[in-house]
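Data first, discussion second: the structure below is written as structure tokens.
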Amino acid sequence: MSKRDQVMQLLRDCVAEYAEQTGGVYELNDETPLIGPDSPVDSLGLVMIITAFECKLNETFNAELVLASEKAMSMNRSPFRSLGVLADYGVELLDETGTAA
118 MSKRDQVMQL
128 LRDCVAEYAE
138 QTGGVYELND
148 ETPLIGPDSP
158 VDSLGLVMII
168 TAFECKLNET
178 FNAELVLASE
188 KAMSMNRSPF
198 RSLGVLADYG
208 VELLDETGTA
218 A
């Protein structure tokens with residue numbers, strides 16, 4: 118399994134856990150929006166998912182990543198706009214730190 122696939126599975130697990138807690142049912146693919154009018158989650162849900170995802174990334178890859186960093190907030194295109202983009206951002210941060218799969 119590629120690092121990207123591992124990261125995406127961790128993110129899907131986080132969204133599924135959130136959905137279970139809230140009684141929601143979400144279609145989970147790369148295009149699933151996390152922000153905006155078509156997002157199935159509200160702002161609190163987004164924070165919960167990002168926090169859980171950050172914890173899972175750090176535990177799984179023995180890393181010390183911060184997803185909601187100044188870098189993320191200053192990007193022209195939000196890394197939180199969809200599942201696929203957030204997974205790619207997670208991989209990018211892991212690669213920057215030299216963290217292996």
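To convert, take the position in the sequence shown, counting from 1, and add 117; that gives our numbering.
Even glycine gets a Cβ: it sits at the ideal position worked out from N, Cα and C.
Using DSSP with H/G/I as helix, E/B as strand and the rest coil, what is residue i?
i	result
S199	strand
T139	helix
V183	coil
T214	coil
R194	coil
S156	coil
L145	coil
M165	helix
M118	coil
By Cβ distance, which residues of its chain are closer than 8 Å to residue i, with the 5 residues on each side in sequence left out?
i	result
T139	G162
Per DSSP, residue i is paired with what?
i	result
P150	S199
So residue i and residue j are in contact, right, with Cβ under 8 Å, and what is the actual spacing, rounded?
i	j	result
V124	G207	5 Å
M165	Y135	6 Å
C131	A189	Not really, about 16 Å apart at Cβ, beyond 8 Å.
A180	I167	Contact flag wrong, Cβ pair sits at about 15 Å.
Taking 6 Å as the limit between beta carbons, can you name the residues of its chain near residue i, skipping five residues before and five after?
i	result
A204	V124, M125 and L128
So, is residue i buried or exposed, given that buried needs 16 or more other C-beta atoms within 10 angstroms?
i	result
S243	The requested residue 243 is not part of the displayed model; the chain covers only 118 to 218.
P196	buried
E148	exposed
Tell me which residues share the same chain as residue i and place their Cβ nearer than 7 Å to its Cβ, disregarding the 5 neighbours each side in the sequence.
i	result
G141	P157
At a cut-off of 7 Å, is residue i close to the ligand COA when judged by its beta-carbon and the heavy atoms of the ligand?
i	result
V124	Here there are no bound small molecules, and the ligand COA is not part of this structure.
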